[in-house]
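Engineer: Residue numbers (the working numbering): 1328 to 1503. Shown below is the structure under consideration.
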Amino acid sequence: MQWLSCIMGGSCVVLVILGLPKTLGPLLLQARAAKLRKSGANTAARTAFDDRKLLGLMDIVWVYLTRPFVLATEPILVLITIYRSFIYGIMYLIFVSYPIAFREVRHWALGVSALPFLGLMVGIILGAICVVWHTKTKFMATIQANGGKIILEQRLPMMIADGCITGSDTVSWLWE
1328 MQWLSCIMGG SCVVLVILGL PKTLGPLLLQ ARAAKLRKSG ANTAARTAFD DRKLLGLMDI
1388 VWVYLTRPFV LATEPILVLI TIYRSFIYGI MYLIFVSYPI AFREVRHWAL GVSALPFLGL
1448 MVGIILGAIC VVWHTKTKFM ATIQANGGKI ILEQRLPMMI ADGCITGSDT VSWLWE
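Now the structure itself:
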C-alpha cells in the first residue's frame, strides 16, 4: 500500500514540474528581457533582477531559519495558528475514531465501515463552497468599499460559524 502512495506522489510531482508554468515575477521578467535581447528587438533590455548576486548558503539558511520567528511576532497569526492546530487535532482524532466506532464497536464490514467518511467529505466540500462564496461576495464587496484595502477582521464571521459548527459536530459525534 505504501508503494501506491509513492507512485501517486511521484506522478503528481512529475505532472506539476511539467504542467505548471513559472509564475515568479522576477523570473518572468528576466526571461522576457533575455528573449528581447536574443531576438534583437531590444539588445539593451535589462531588468532590476539581472544584476543581483546570488545568495550564499548561509544567507539562505539565515532567511529560512529566522522567518518563522519573525512571523511569530504577529499576534493574530499566532492565534489563528493555535486555533487551526486545535481543529486539525480534533479532525485527526475523529478520523482515528471512525474505524473503532464503526468496525470494532458496531461490527460493520470493512467496506461499509468506511462509508461514514463520505459524510465528512460532503461536509468539507460544503464548507469550502461556503468559504468561496463568502470570499467572492461579501469579502470582495468589503474590499471594494474600502478602496482595495483588505480588512482581515472581515474573515471573522466565517471563523465564528466554523467554530460553532465544529463544536456542535464534535459534541454530536461524542454523544453517540
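Each residue gets a CB set at the ideal place from its N, CA and C atoms; glycine is no exception. If you're wondering where the values come from, they're calculated on a predicted model, not measured in any experiment.
Measuring alpha carbon to alpha carbon, tell me which residue in Y1419, A1360, Y1391 and S1440 is nearest I1427.
Structural biologist: The option with the nearest alpha carbon to I1427 is S1440.
Engineer: Is the CB-CB distance between T1370 and L1356 below 8 Å?
Structural biologist: No, the pair does not count as a contact, with Cβ atoms beyond the cut-off.
Engineer: Using a Cβ-Cβ cut-off of 8 Å (strictly less than) and excluding sequence neighbours within five positions of D1377, which residues of its own chain qualify?
Structural biologist: Closer than 8 Å at Cβ, skipping near neighbours: Q1357 and A1360.
Engineer: For a minimum of 4 consecutive residues, which ranges assigned as the alpha helix (DSSP H) are wholly contained in the stretch 1389 to 1446?
Structural biologist: Fully enclosed alpha helix (DSSP H) runs of 4 or longer: 1402 to 1426 and 1437 to 1440.
Engineer: Quick one, which of Q1471, L1442, A1472 and Q1481 has its alpha-carbon nearest V1458's?
Structural biologist: Selected option, being the one with the closest Cα: Q1481.
Engineer: When we look at the beta-carbon of F1396 and count the other beta-carbons within 10 Å, is it buried (16 or more) or exposed?
Structural biologist: Looking at its Cβ environment, which holds fewer than 16 other Cβ atoms inside 10 Å, F1396 is exposed.
Engineer: Decide if F1429 is buried, meaning its Cβ has at least 16 other Cβ atoms within 10 Å, or exposed.
Structural biologist: Its Cβ being crowded by 16 or more others within 10 Å, F1429 is buried.
Engineer: By Cβ distance, which residues of its chain are closer than 8 Å to I1505, with the 5 residues on each side in sequence left out?
Structural biologist: The question about residue 1505 has no answer, for the chain in this structure spans 1328 to 1503.
Engineer: Just to confirm, are P1443 and Y1425 a CB contact at a threshold of 8 Å?
Structural biologist: Cβ distance < 8 Å, so P1443 and Y1425 count as in contact.
Engineer: Considering only residues of the same chain and omitting the five flanking positions on each side of T1469, which have a CB-CB separation below 7 Å?
Structural biologist: If we look at T1469 and ignore the five residues flanking it on each side, its Cβ neighbours are I1478 and Q1481.
Engineer: My understanding is that A1399 touches V1405, with C-beta atoms under 8 Å, so please give their C-beta distance in whole angstroms.
Structural biologist: Yes, they are in contact, since the Cβ atoms of A1399 and V1405 sit about 6 Å apart, within 8 Å.
Engineer: Can you list, in chain order, the residues of its chain with a C-beta nearer than 7 Å to that of V1423? Leave out the 5 residues immediately preceding and following it.
Structural biologist: Excluding positions up to five away in sequence, the list is empty.
Engineer: Residues in the same chain with beta-carbon distance under 8 Å from M1485, minus the five sequence neighbours each way, listed in chain order, please.
Structural biologist: For M1485, where only same-chain residues beyond five positions count, the Cβ hits under 8 Å are C1457, V1458 and H1461.
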